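S.K.:
Chains as they are written, first to last, in the working numbering: chain V, 2 to 229; chain Y, 2 to 229.
The structure is reproduced here in structure tokens:
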């Protein structure tokens, strides 16, 4: 883990942390928008209220990331701007055609995202790490979504086949946008692969990380009753 | 103003208050959904964040109404259900075709709604009244929206003509849904017109109330730079 003082002494590390908080903040803002849209699509009033509550929790996460960016002397809108295109394309390519697809997206798509950020948090200073882990907390979506998706599959098993394909597509799109971000944001990438004065992780560890991400993804698909 | 003990002793009054809290709660939930959709439509990241913050404030209003319904022994989902159709049709008939129409709707449409509920609050007990007034508070939308809409009209004056027509349509649709609710919900209507054991207001006062609603509407249109 990096020493917190690196935020003051290592401009490349500082840029990487601002990138990390920026991508997370924009992710929370779009998560807010998307879960709010899921609330609007929900038929049941109690589901609506539950989803609206989850959306506002994502907004609180956004606020804590924004406040931290301000504390670090960064402009939050500028810190988020470089990640709009990747998020925009991911969401354009994975617009849910119904409520269930929205639910699977919130669970499977966001799940692989937060897993990835949790992995990254091993490479940053303690304060940044605590913030990243706190905004990656499950907000109660999981239990809610697992319940609703399993019930829908039980009612009509064909739904399971369609949603399994959908889950695979979500991960494919998420990976291709993650690759784009890695290619475009040098500072962020050096958190993993290291910089001039800072060692990164080795290729074997990156392999293990990808294996963990894949396993967790399969575990989530199974929890929903879907083939990964 | 009605005595709070009427909530225990007058079943018709109790039903009216539950209707009032139900229609307000469902209104807040749909306001949450709609302002969140406006946030998603916003181009500017700071606008997005500001609108997301307003949406979460609407959700907090929803929570306080829901908690009060539970306190009164009512089922919140049941209390809200009778108003879904009116809200659904209002929103279906007034789906904004762009972000500016969404902004005018949030200001002019919600404005006439909260004005109406504030008027109604004169006829209920003190506790209910305080709650109704608190959820009708302006959440900072007004200054934000006035600023954005005026800027858009300054940039392209033709926008003003289109939005003025839009504002008139919003009020027309809101009134026709309000009439439907009044016709369908006897208990709620008796708050204004009185019940068996409770005097209502007189026709002259209802006329003055309508005049106040109309004046406030015109004032809001002018604030946006629109002809009422």
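Backbone N, C-alpha and C fix where the C-beta goes; we use that ideal spot for every residue, glycine too. If you're wondering where the values come from, they're calculated on a predicted model, not measured in any experiment.
Using a Cβ-Cβ distance under 8 Å, would residue 91 (chain V) count as near chain Y?
M.R.: No - not a single Cβ of chain Y is within 8 Å of the one on residue 91 (chain V).
S.K.: Is the shortest distance between the beta-carbon of residue 148 (chain Y) and the beta-carbons of chain V less than 8 Å?
M.R.: No, residue 148 (chain Y) lies away from the interface with chain V (no Cβ there is under 8 Å from its Cβ).
S.K.: Taking only beta-carbon atoms, is residue 49 (chain Y) less than 8 Å away from chain V?
M.R.: It does; some Cβ of chain V falls within 8 Å.
S.K.: How about residue 30 (chain V): is its C-beta nearer than 8 Å to some C-beta of chain Y?
M.R.: Yes, contact with chain Y.
S.K.: In angstroms with no decimal places, state the Cα-to-Cα distance between residue 216 (chain V) and residue 204 (chain V).
M.R.: Each residue's alpha carbon lies about 18 Å from the other.
S.K.: Closest to residue 21 (chain Y) by C-alpha separation, out of Y:222, Y:45, Y:99, Y:114, would be which residue?
M.R.: Considering only alpha carbons, the answer is Y:114.
S.K.: By the three-class DSSP mapping on this structure, what secondary structure does residue 200 (chain Y) have?
M.R.: If DSSP states are grouped into helix, strand and coil, residue 200 (chain Y) belongs with the strands.
S.K.: Below 8 Å, can you find three or more Cβ-Cβ pairs linking the region 121-140 of chain Y to the region 163-176 of chain Y?
M.R.: The region 121-140 of chain Y vs the region 163-176 of chain Y: no contact.
S.K.: I'd like to know whether the C-beta atoms of residue 1 (chain V) and residue 26 (chain Y) end up nearer to each other than 8 Å.
M.R.: One cannot answer for residue 1 (chain V) here, as it falls past the ends of chain V, which runs 2 to 229.
S.K.: Could one say the Cβ of residue 88 (chain V) lies closer than 8 Å to chain Y's Cβ atoms, at least one of them?
M.R.: Not an interface residue.
S.K.: Please go through the same chain and pick out, in chain order, the residues whose beta-carbon is closer than 8 Å to the beta-carbon of residue 103 (chain Y), but skip the five residues on each side of it.
M.R.: Cβ within range, chain order: 35, 38, 39, 42, 97.
S.K.: Is the beta carbon of residue 91 (chain V) sitting closer than 8 Å to the one on residue 146 (chain V)?
M.R.: No, they are not a contact pair.
S.K.: Compute the distance between the beta-carbons of residue 226 (chain Y) and residue 175 (chain Y), then report whether it is under 8 Å.
M.R.: Taking 8 Å as the Cβ cut-off, residue 226 (chain Y) and residue 175 (chain Y) do not qualify as a contacting pair.
S.K.: Thinking C-alpha only, which one of V:169, V:64, V:122, V:101 is nearest residue 52 (chain V)?
M.R.: That would be V:101, whose Cα lies nearest to the Cα of residue 52 (chain V).
S.K.: What residue range is occupied by the uninterrupted alpha helix (DSSP H) comprising residue 117 (chain V)?
M.R.: Unbroken alpha helix (DSSP H) run through residue 117 (chain V): 111-121.
S.K.: At least one CB of chain C closer than 8 Å to the CB of residue 95 (chain Y): is that the case?
M.R.: Given the protein chain composition of this structure (V and Y), no chain C is represented.
S.K.: Give a yes or no on whether the C-beta atoms belonging to residue 29 (chain V) and residue 72 (chain V) are separated by under 8 Å.
M.R.: Not closer than 8 Å, so no.
S.K.: With DSSP as the reference, label residue 226 (chain Y) as helix, strand or coil.
M.R.: Coil at residue 226 (chain Y), not helix or strand.
S.K.: On a Cα-Cα basis, can you pick out the residue from V:18, V:87, V:94, V:88 that is closest to residue 67 (chain V)?
M.R.: Checked all of V:18, V:87, V:94, V:88; the closest Cα to residue 67 (chain V) is V:18.
S.K.: Within this structure, are the beta carbons of residue 15 (chain Y) and residue 112 (chain Y) separated by less than 8 Å?
M.R.: The answer is no: Cβ separation not under 8 Å.
S.K.: Could you confirm whether any beta carbon from chain Y is found closer than 8 Å to the beta carbon of residue 46 (chain V)?
M.R.: Interface residue, yes.
S.K.: Taking the DSSP output, what are the residues bridged to residue 195 (chain V)?
M.R.: In DSSP, residue 195 (chain V) forms a bridge with V:200.
S.K.: So, is the C-beta of residue 56 (chain Y) closer than 8 Å to a C-beta in chain V?
M.R.: Output row for residue 56 (chain Y): interface = yes.
S.K.: How is the alpha helix (DSSP H) around residue 70 (chain Y) delimited, first residue to last?
M.R.: Segment 46-72, the alpha helix (DSSP H) holding residue 70 (chain Y).
S.K.: Would you mind working out which of V:48, V:105, V:126, V:119 sits nearest residue 4 (chain V), comparing C-alpha positions?
M.R.: Checking every option, the nearest Cα to that of residue 4 (chain V) belongs to V:126.
S.K.: Does any heavy atom of the ligand PLP sit closer than 7 Å to the C-beta of residue 116 (chain V)?
M.R.: The model depicted lacks the ligand PLP and carries no ligand whatsoever.
S.K.: Which word fits residue 54 (chain Y), buried or exposed, when buried means at least 16 other C-beta atoms lie within 10 angstroms of its C-beta?
M.R.: Under this definition residue 54 (chain Y) is a buried residue.
S.K.: I'd like to know whether the C-beta atoms of residue 136 (chain Y) and residue 62 (chain Y) end up nearer to each other than 8 Å.
M.R.: Result yes, Cβ atoms of residue 136 (chain Y) and residue 62 (chain Y) sit closer than 8 Å.
S.K.: From residue 13 (chain Y) to residue 188 (chain Y), what distance separates their C-alpha atoms?
M.R.: Looking at the two C-alpha atoms, the distance is approximately 6 Å.
S.K.: Closer than 8 Å, CB to CB, is residue 41 (chain Y) near chain V or not?
M.R.: Interface residue, yes.
S.K.: Any beta carbon from chain Y within less than 8 Å of residue 145 (chain V)'s own beta carbon?
M.R.: Output row for residue 145 (chain V): interface = no.
S.K.: Name, please, each residue of chain Y whose Cβ falls closer than 7 Å to the Cβ of residue 81 (chain V).
M.R.: Those within 7 Å of residue 81 (chain V) in chain Y are 46.
S.K.: Residues of chain V with CB closer than 7 Å to the CB of residue 152 (chain Y), please, in chain order.
M.R.: Those within 7 Å of residue 152 (chain Y) in chain V number zero; the least Cβ separation is about 18 Å.
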